[in-house]
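Taking it in order: structure first as structure tokens, then the write-up.
There are 2 protein chains.
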Amino acid sequence: MGSTRVLGLGKAFHSHSSLCNGTRVFRRNPTVVLRAFASTLSPPSQAVVYEQHGPPDQVTRIIDLPPVELKEKDVCVKMRAAPINPSDINRIEGVYPVRPPVPAIGGYEGVGEIQAVGSAVKDFSLGDWVIPSPPSFGTWQTYIVKEESVWHKINKNVPMEYAATVTVNPLTALRMLEDFVQLNPGDAIVQNGATSIVGQCIIQLARIRGIHSINIIRDRVGSEEVKEKLKKLGADAVYTESQLEVKNVKGLLGDLPEPALGFNCVGGNPASFVLKFLRQGGTMVTYGGMAKKPVTVSTSSFIFKDLALRGFWLQKWMSSERARECRVMIDYLLGLVCDGKFKYELELVPFHDFSVALDKALGKLGSQPKQVLKF
Amino acid sequence: MGSTRVLGLGKAFHSHSSLCNGTRVFRRNPTVVLRAFASTLSPPSQAVVYEQHGPPDQVTRIIDLPPVELKEKDVCVKMRAAPINPSDINRIEGVYPVRPPVPAIGGYEGVGEIQAVGSAVKDFSLGDWVIPSPPSFGTWQTYIVKEESVWHKINKNVPMEYAATVTVNPLTALRMLEDFVQLNPGDAIVQNGATSIVGQCIIQLARIRGIHSINIIRDRVGSEEVKEKLKKLGADAVYTESQLEVKNVKGLLGDLPEPALGFNCVGGNPASFVLKFLRQGGTMVTYGGMAKKPVTVSTSSFIFKDLALRGFWLQKWMSSERARECRVMIDYLLGLVCDGKFKYELELVPFHDFSVALDKALGKLGSQPKQVLKF
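Top to bottom, those sequences are chains A and B. Residues 1 to 375 (UniProt numbering) make up the first sequence, in order. Residues 1 to 375 (UniProt numbering) make up the second sequence, in order.
Here you go:
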């Protein structure tokens with residue numbers, strides 16, 4: 001994925017004096033030796049790092065990193081925003097199957113602005129907004145230097161919090177709607193965890209395609225308000241789990257068709273509800289396990305109902321030479337955002353409040369919108 | 001599925017005087033009224049019937065049925081053999097999703113000999129061996145009258161117990177090896193319930209294709225002998241469930257490749273063992289649930305291991321205009337039997353000992369070979 005900042009924690013460089021800038025003309029720089037070899041240097045950066053795996057609120061800290069040299073095909077990006085996704089937390093915990101070696105900088109997606117470019121870079125101008133696509137590790141830092149091929153230029157009119165979060169959750173929703181079952185307008189899908197960002201995206205992307213969505217949410221205080229919110233996004237039906245404790249779940253469908261495709265990001269009983277709604281020959285795709293409980297399926301669901309159970313992992317999907325395809329999808333999704341057809345709940349938090357954002361992302365402060373660091 | 005004997009339990013006809021024969025010339029027949037309308041009549045038949053669903057040993061009985069008239073395209077088949085399959089038991093219990101309305105005659109597959117043919121039947125000769133293909137309800141009777149299209153003529157050199165049982169279990173094994181994952185010589189499959197007939201068929205059909213099989217059996221007295229038996233059929237590896245209670249199941253594979261395809265006919269823990277053996281992106285097909293326990297799957301198996309879980313139901317597969325394809329497969333499988341390349345354990349039991357055979361099939365007498373009624 002091109003060259004990247006090498007973490008030298010022992011040699012952390014605290015001077016902010018050598019900032020790169022748009023004209024590639026350096027200000028007076030006391031680091032003469034460095035300058036002799038480097039036509040362009042990044043500014044020093046601040047980053048959330050962890051030197052070992054463990055509870056994210058214990059093993060992460062913000063440190064200063066020294067400037068790095070831009071090679072001729074590198075660009076230096078001043079990060080604008082980057083979210084705290086559940087997978088980021090799992091990487092820090094050391095429980096995610098693909099993760100950078102420690103010590104590592106946190107984060108996986110985000111958006112930034114071109115701050116400087118190497119001498120051979122032609123396709124980017126200073127001030128361009130870019131996102132790493134496919135995403136790559138280490139977006140929780142103020143400046144990133146990586147090869148130009150890593151970056152995808154986007155429309156600057158997009159709100160930065162959407163640009164920062166478009167790659168992981170919305171792309172997951174889009175691919176899951178496209179890759180498993182051929183859906184036609186008038187068909188239906190069913191999902192649990194419908195209030196998650198992916199869930200909100202599925203509702204809206206389904207609606208744009210004329211596909212009905214049946215949504216399952218947790219029982220909680222204020223569930224009626226949640227139902228109304230999801231219906232405003234385009235949900236056809238929203239049920240709390242307790243509403244589905246009935247003998248014939250399909251009796252609730254009314255005029256809606258039996259769904260051919262279901263999405264599970266919870267596990268346990270809420271996964272069984274998805275299976276119950278599915279039509280003969282339907283498919284359930286698991287992409288998360290928020291309840292930390294397995295999926296349990298009866299023998300007859302497989303044999304007589306002919307259900308298929310699959311999984312989806314965006315990181316694996318993206319790793320297979322699909323860079324161009326990803327970028328087309330990102331442009332499509334950000335276009336929907338600009339047109340006001342695609343939205344979800346986020347909270348922008350200043351980078352220096354990282355520990356508060358992390359606590360919220362860890363669920364320590366109850367149900368919270370996705371936290372997006374603003375640099 | 002053509003015309004069929006109509007069950008008139010209230011009018012059971014006990015005379016054996018009007019036997020059809022090969023020359024279509026009738027012996028003296030006292031039933032003058034019947035003879036006036038019927039150019040050919042079947043013999044009266046004896047059949048295992050049930051008038052209501054329930055425990056098979058309580059609701060079934062053998063009764064006499066009156067002769068029926070052969071229409072011009074009908075054939076009368078003197079049944080030779082028919083097995084008691086688990087699905088037959090489930091149909092009698094009323095728990096199988098597709099079953100004949102009661103009162104009904106038991107049985108679903110079998111083999112018989114042409115006893116008489118209707119006036120327009122060209123493709124069968126008296127004495128031909130035939131099996132109903134696709135199979136159809138009501139094979140547990142001594143004479144069956146159905147339209148010629150129902151019957152498939154087979155090689156008379158096949159042992160009758162194989163002809164009687166080829167349609168349900170061996171065809172299931174063959175289709176499951178063909179329909180889910182593209183296997184190449186050198187690949188491997190894994191299965192539980194390996195001592196079942198389907199299990200034995202899978203071992204042999206895999207071996208013929210150069211595919212390795214990893215087999216899981218129950219812990220039981222004599223499991224070493226069972227292992228040897230399965231290895232003689234071609235099994236590459238056989239493990240009892242307790243042998244798989246290890247941290248790294250794949251460490252047992254040795255030189256065998258990780259299997260791409262698994263078969264589950266048990267559920268519960270033995271299904272989890274199949275999942276553990278599967279390679280990244282592998283598929284498990286469920287076709288039975290002998291343990292009456294569901295299949296439990298971790299979230300990470302779906303997301304990170306990319307496992308797919310499917311089901312297979314032969315009866316549904318066959319119902320889709322696949323008569324010709326079925327018959328080609330039956331001929332292939334019976335050819336393997338004749339060549340000595342395909343065998344499995346069966347026990348032939350005289351029809352008049354039906355209640356003993358049923359008790360064995362119900363598991364009342366411990367582990368027993370599949371019971372095949374001999375008429």
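Each residue gets a CB set at the ideal place from its N, CA and C atoms; glycine is no exception. As the structure is a computational prediction, the values presented were derived from the model and not from experiment.
Under the three-state reduction of DSSP, which class applies to residue i: helix, strand or coil?
| i | result |
| --- | --- |
| histidine 352/B | helix |
| alanine 237/B | strand |
| glutamate 321/A | coil |
| threonine 40/A | coil |
| glutamine 58/B | helix |
| serine 213/A | strand |
| glutamine 46/A | strand |
| methionine 329/A | helix |
| alanine 260/B | coil |
| alanine 104/A | strand |
| glycine 251/A | helix |
| glutamine 204/B | helix |
| valine 337/B | helix |
| alanine 291/B | coil |
| glutamine 371/A | strand |
| valine 274/A | helix |
| proline 83/B | strand |
| lysine 78/B | strand |
| histidine 53/A | coil |
| leucine 309/B | strand |
| valine 226/B | helix |
| glycine 267/B | coil |
| glutamate 109/A | coil |
| glutamate 345/A | coil |
| leucine 65/B | strand |
Can the beta-carbon of residue i be found less than 9 Å from the beta-carbon of residue j?
| i | j | result |
| --- | --- | --- |
| alanine 206/A | glycine 234/A | yes |
| isoleucine 217/A | serine 223/A | yes |
| glutamate 148/B | valine 75/B | yes |
| valine 249/B | glycine 268/B | no |
| leucine 275/A | valine 246/A | no |
| isoleucine 131/B | alanine 164/B | yes |
| isoleucine 154/A | aspartate 331/A | yes |
| arginine 175/A | phenylalanine 302/B | no |
| glycine 138/A | leucine 373/A | no |
| isoleucine 114/B | glutamine 371/B | no |
| alanine 323/A | proline 86/A | no |
| methionine 284/A | leucine 307/A | yes |
| glutamine 141/A | glutamine 243/A | no |
Is it right to say residue i is buried, meaning 16 or more other beta carbons lie within 10 angstroms of its own, or is it exposed?
| i | result |
| --- | --- |
| leucine 261/A | buried |
| alanine 120/A | exposed |
| histidine 152/A | buried |
| phenylalanine 375/B | buried |
| leucine 365/B | exposed |
| glutamate 72/B | exposed |
| glutamine 182/A | exposed |
| asparagine 184/A | exposed |
| glutamine 52/B | exposed |
| asparagine 192/A | buried |
| arginine 232/B | This sequence places lysine at residue 232/B; arginine is not what is there. Label assigned to lysine 232/B: exposed. |
| alanine 38/A | With a pLDDT of 46 at alanine 38/A, under the threshold of 50, the modelled position of this residue cannot be trusted, and the question is left open. |
| cysteine 265/A | buried |
| asparagine 169/B | buried |
Could you work out which residue in the options is closest to residue i when comparing CA atoms only?
| i | options | result |
| --- | --- | --- |
| alanine 173/B | Ile303/B, Ile208/B and Leu252/B | Ile208/B |
| proline 43/B | Trp317/B, Ile144/B and Leu365/B | Ile144/B |
| proline 369/B | Asp88/B, Thr142/B, Ile197/B and Gln58/B | Ile197/B |
| aspartate 179/B | Phe263/B, Lys305/B and Phe124/B | Phe263/B |
| alanine 237/A | Ile211/A, Val349/A and Arg220/A | Ile211/A |
| valine 49/B | Thr40/B, Ile63/B, Leu252/B and Leu362/B | Ile63/B |
| isoleucine 92/A | Arg61/A, Pro135/A, Ser45/A and Glu113/A | Arg61/A |
| proline 259/A | Val59/A, Gly110/A, Ile189/A and Pro134/A | Ile189/A |
| valine 226/B | Gly199/B, Glu161/B and Cys326/B | Gly199/B |
| tyrosine 108/A | Gly118/A, Phe124/A and Ile89/A | Ile89/A |
| aspartate 255/B | Asp187/B, Thr240/B and Ser272/B | Asp187/B |
| glycine 281/B | Ser300/B, Pro270/B and Lys293/B | Ser300/B |
| proline 97/B | Thr167/B, Lys316/B and Glu161/B | Lys316/B |
| valine 221/B | Gln204/B, Ser367/B and Glu69/B | Ser367/B |
Segments assigned alpha helix (DSSP H), at least 4 residues, entirely inside the region 114–200 of chain A: The region 114–200 of chain A contains, as complete alpha helix (DSSP H) runs of 4+ residues, the segments 160–165 and 169–179 (chain order).
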